[in-house]
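Order-wise, the sequence lines are chains S and B.
When we follow our numbering, the leftmost residue of the first sequence carries the number 6, and every step to the right adds one.
When we follow our numbering, the leftmost residue of the second sequence carries the number 591, and every step to the right adds one.
Glycine included, every Cβ here is placed at the ideal spot set by N, Cα and C.
Everything numeric in this text was worked out from a predicted model, so none of it was measured.
Report on the following structure.
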Amino acid sequence: GAGVSQSPSNKVTEKGKDVELRCDPISGHTALYWYRQSLGQGLEFLIYFQGNSAPDKSGLPSDRFSAERTGGSVSTLTIQRTQQEDSAVYLCASSLGLVGADTQYFGPGTRLTVL
Amino acid sequence: QKEVEQDPGPLSVPEGAIVSLNCTYSNSAFQYFMWYRQYSRKGPELLMYTYSSGNKEDGRFTAQVDKSSKYISLFIRDSQPSDSATYLCAKRGSGGSNYKLTFGKGTLLTVNP
């Protein structure tokens with residue numbers, strides 16, 4: 006079946022502009038995650054959605070970052086007033102939302118470059 | 591100290607070699623560990639997971655956790671060029687945060703034909 010899809014695959018923007026990154030999880034997966042992967046920091050947790058529960062936003066690096074998940078499916082990560090340090094690969098993952106062993110399946114990522 | 595530390599390499603080996611990839615972790619309470627493989631320009635994919643200590647084998651891959659030294663390892667036997675990728679170790683959070691994965695920075699492996 007189809008895996009996690011993300012769009013766009015690449016995004017180049019100018020400093021100060023807003024960007025929106027989209028994630029389509031695997032059908033039937035109730036849990037959705039956003040991670041950021043950068044050269045210096047590795048793969049870092051950003052935010053977690055599970056069903057109708059309040060999201061865990063503890064990994065968002067600043068209030069310029071926000072995410073929403075509409076209808077329990079598609080998610081959008083928004084970065085306002087982008088800075089050069091926001092340049093990274095943004096990865097989305099989804100899972101069945103099981104307690105205990107719950108495999109996260111990752112999408113291919115969106116490569117963001119802020120000039 | 592970071593929760594999970596990983597030697598970034600890079601590591602280059604000839605085809606057929608045994609590869610050893612290693613991570614250390616900071617808290618002996620951690621119990622659930624994973625190895626992910628990430629090919630260039632792709633998302634990570636789960637390779638193996640282990641719970642608590644001991645070994646787990648899957649084909650050419652063996653994952654090992656040594657709780658006494660807080661060390662996790664991935665061994666690849668008879669390595670193939672198709673194994674060339676970045677390998678990421680990760681630990682699962684505990685309690686109410688068991689969904690949260692913390693990753694090492696990854697080791698880039700190249701297997702030369």
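Asked                                                                                                                                             : Found
If you drop the 5 nearest sequence neighbours on each side, which residues of the same chain put their C-beta closer than 6 Å to that of D23(S)?  : Q85
In whole angstroms, what is the alpha-carbon distance linking I666(B) and K660(B)?                                                                : 20 Å
Which of the three DSSP states, helix, strand or coil, is assigned to S99(S)?                                                                     : strand
Using 7 Å as the limit for Cβ to Cβ distance, is P113(S) near chain B?                                                                            : yes
Using CA coordinates, which residue listed in T115(S), R41(S), P113(S), Q109(S) is at the minimum distance from M638(B)?                          : Q109(S)
Is P604(B) close to chain S, meaning its C-beta is less than 7 Å from at least one C-beta of that chain?                                          : no
Is the Cβ of F50(S) closer than 7 Å to any Cβ of chain B?                                                                                         : yes
For a contact meaning CB atoms closer than 8 Å, what does P634(B) contact in chain S?                                                             : L48, L96, F111
CB-CB under 8 Å to P671(B), same chain, minus the five flanking residues each way: which ones, in chain order?                                    : E605, V701, N702, P703
Return the Cβ separation of L128(S) and S92(S) in integer angstroms, given the expectation that the two are a contact with Cβ distance under 8 Å. : No information on residue 128(S) is available, as it lies outside the stretch 6 to 120 that chain S covers here.
Counting only Cβ-Cβ distances shorter than 7 Å, please list the residues of the region 605-626 of chain B near chain S, keeping chain order.      : none
Just to confirm the assignment, what range does the beta strand (DSSP E) spanning I666(B) have?                                                   : 661-666
Show which residues of chain S have a CB atom less than 7 Å away from the CB atom of G696(B).                                                     : G47
Do three or more CB pairs link the region 71-86 of chain S to the region 12-27 of chain S at distances below 8 Å?                                 : yes
Output the boundary residues of the beta strand (DSSP E) element that contains N704(B).                                                           : Only positions 591 to 703 of chain B appear in the structure, and residue 704(B) is not among them; the question remains open.
Any chance the region 63-78 of chain S sits against the region 608-623 of chain B, with 3 or more Cβ pairs inside 8 Å?                            : no
Under 9 Å Cβ-Cβ, which residues of chain B neighbour A72(S)?                                                                                      : Here the premise fails: no neighbours, minimum Cβ distance about 15 Å.
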